[in-house]
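First residue of the sequence shown? That's 1 in the UniProt record's numbering, and the numbers climb one at a time after it. Reading through the structure tokens given below for one structure.
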Amino acid sequence: MLIRRVSKIMVILTILNYVSASKSKCIGKKYNIRPKEDNLKIMKRNISNLDYINFARQPTGGLLENTGETIRITSTYKSKYRPYIQKGPLGDEKYKFEFCYFHWLDKEWAKEAGLLPFELHTVFSNTRFGNYEEAARRNFGIVILVMKHAPTEPKYSNGYYEHLMDVQNPNDAYELEEEEAFALFTILELGNVFSVYIGKSTVPNTVSCNADVIWIDYDMVVLIMSHEVKYFKDLMAVGDRPMMNITIPTTAPTSPIYHSV
Numbered sequence: 001m002l003i004r005r006v007s008k009i010m011v012i013l014t015i016l017n018y019v020s021a022s023k024s025k026c027i028g029k030k031y032n033i034r035p036k037e038d039n040l041k042i043m044k045r046n047i048s049n050l051d052y053i054n055f056a057r058q059p060t061g062g063l064l065e066n067t068g069e070t071i072r073i074t075s076t077y078k079s080k081y082r083p084y085i086q087k088g089p090l091g092d093e094k095y096k097f098e099f100c101y102f103h104w105l106d107k108e109w110a111k112e113a114g115l116l117p118f119e120l121h122t123v124f125s126n127t128r129f130g131n132y133e134e135a136a137r138r139n140f141g142i143v144i145l146v147m148k149h150a151p152t153e154p155k156y157s158n159g160y161y162e163h164l165m166d167v168q169n170p171n172d173a174y175e176l177e178e179e180e181a182f183a184l185f186t187i188l189e190l191g192n193v194f195s196v197y198i199g200k201s202t203v204p205n206t207v208s209c210n211a212d213v214i215w216i217d218y219d220m221v222v223l224i225m226s227h228e229v230k231y232f233k234d235l236m237a238v239g240d241r242p243m244m245n246i247t248i249p250t251t252a253p254t255s256p257i258y259h260s261v
């Protein structure tokens, strides 16, 4: 029944020559993608733009949490103002905003690529399912948007980085009042150029390792200043170790990589 109901996505996946991968480990997508060395196909396609609905809407509140593995960012909205994405590579499907978290990259690879060793992942769940937990167990129930970061010279400061000082240690939590909470467009710089492919979840303590996840990886890079980078370096994980020393083993995407043109 689900396959019939999500016909547009299944058509897209057929076009993408989707092939299922091993279900044995929860090891996520691959970040240090080197097409020639890894024999990965990157294929250019004319992909229509996503619609970003309510991304400029101010939340009524929010929460930053140090989980011991990552910093998780959640926001609360009036139900009719909850952000969601649709169109583009998602076809007729609609995915609602759930939360953001930081993912830690291999430092050597990030340095070679001119990037900082972390990405912001923003998680959305298909509105066909009642909640995130149910969606995360289903193939294509989850979409994750990926934002990369790079250092820059002094520029305007983004206030939300400063709140990382309030959650430096495991189990720290900082509640954002309405005036402090951030609309998604204030923390995401998305653009219209991206890669889309199928992989597995990298959400810490994810509900399911088996479900296939739609990844949308943006070309645009978020530029942050040196003192903002220090906020990340000061974050501590369980075991009294820097959070930026965490690296999750990853595997190649389970479909070709399609890059929008």
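Each residue gets a CB set at the ideal place from its N, CA and C atoms; glycine is no exception.
Are residue i and residue j closer than 8 Å when you measure CB to CB?
{"i": "residue 237", "j": "residue 75", "result": "no"}
{"i": "residue 97", "j": "residue 140", "result": "no"}
{"i": "residue 191", "j": "residue 219", "result": "yes"}
{"i": "residue 197", "j": "residue 64", "result": "no"}
{"i": "residue 252", "j": "residue 208", "result": "no"}
{"i": "residue 233", "j": "residue 225", "result": "no"}
{"i": "residue 216", "j": "residue 42", "result": "no"}
{"i": "residue 60", "j": "residue 179", "result": "no"}
{"i": "residue 53", "j": "residue 84", "result": "yes"}
{"i": "residue 235", "j": "residue 168", "result": "yes"}
{"i": "residue 164", "j": "residue 62", "result": "no"}
{"i": "residue 246", "j": "residue 112", "result": "no"}
{"i": "residue 108", "j": "residue 147", "result": "no"}
Would residue i be called buried (16 or more neighbouring beta carbons within 10 Å of its own) or exposed?
{"i": "residue 51", "result": "exposed"}
{"i": "residue 92", "result": "exposed"}
{"i": "residue 240", "result": "exposed"}
{"i": "residue 153", "result": "exposed"}
{"i": "residue 121", "result": "buried"}
{"i": "residue 114", "result": "exposed"}
{"i": "residue 110", "result": "buried"}
{"i": "residue 205", "result": "exposed"}
{"i": "residue 89", "result": "buried"}
{"i": "residue 126", "result": "buried"}
{"i": "residue 199", "result": "buried"}
Put residue i into one of helix, strand or coil per three-state DSSP.
{"i": "residue 66", "result": "strand"}
{"i": "residue 89", "result": "helix"}
{"i": "residue 110", "result": "helix"}
{"i": "residue 47", "result": "coil"}
{"i": "residue 7", "result": "With a pLDDT of 43 at residue 7, under the threshold of 50, the modelled position of that residue is not reliable, and no figure is offered here."}
{"i": "residue 243", "result": "helix"}
{"i": "residue 238", "result": "coil"}
{"i": "residue 207", "result": "coil"}
{"i": "residue 202", "result": "coil"}
{"i": "residue 251", "result": "coil"}
{"i": "residue 74", "result": "strand"}
{"i": "residue 213", "result": "strand"}
{"i": "residue 233", "result": "helix"}
So with Cβ pairs under 8 Å, would you call residue i a contact of chain C?
{"i": "residue 251", "result": "Considering every chain present, this structure includes no chain C. It has just one protein chain."}
For residue i, I'd like the list of residues in its chain whose CB is within less than 6 Å of its CB, leaving aside the five on either flank, ordered along the chain.
{"i": "residue 143", "result": "95, 124 and 214"}
{"i": "residue 160", "result": "182 and 187"}
{"i": "residue 7", "result": "Note that residue 7 has pLDDT 43, beneath the 50 cutoff, so the model's placement of it is unreliable and no number is given."}
{"i": "residue 305", "result": "Summary: the structure shown does not reach residue 305, with the chain confined to residues 1 through 261, and so no result is reported for it."}
{"i": "residue 103", "result": "119, 121 and 202"}
Excluding five sequence neighbours on each side, which residues of the same chain lie with their C-beta closer than 7 Å to the C-beta of residue i?
{"i": "residue 99", "result": "72, 73, 74 and 123"}
{"i": "residue 16", "result": "Bear in mind that a pLDDT of 43 at residue 16, under 50, signals an unreliable position, so the model cannot answer this."}
{"i": "residue 57", "result": "77, 81, 83 and 183"}
Confirm the yes/no value for this check: CB of residue i, any heavy atom of the ligand GDP, distance under 7 Å.
{"i": "residue 193", "result": "Only the bare structure without any ligand can be found here, which leaves the ligand GDP out of the picture."}
Between residue i and the rest of its own chain, which residues show a CB-CB distance below 8 Å, the 5 nearest in sequence each way excluded?
{"i": "residue 223", "result": "149, 150, 151, 152 and 155"}
{"i": "residue 158", "result": "186, 187, 224 and 228"}
{"i": "residue 172", "result": "65, 66 and 166"}
{"i": "residue 231", "result": "161, 162, 164 and 165"}
Fill in: Any beta strand (DSSP E) of 3 or more consecutive residues that is wholly inside the region 112-184
118-126, 142-151 and 173-176
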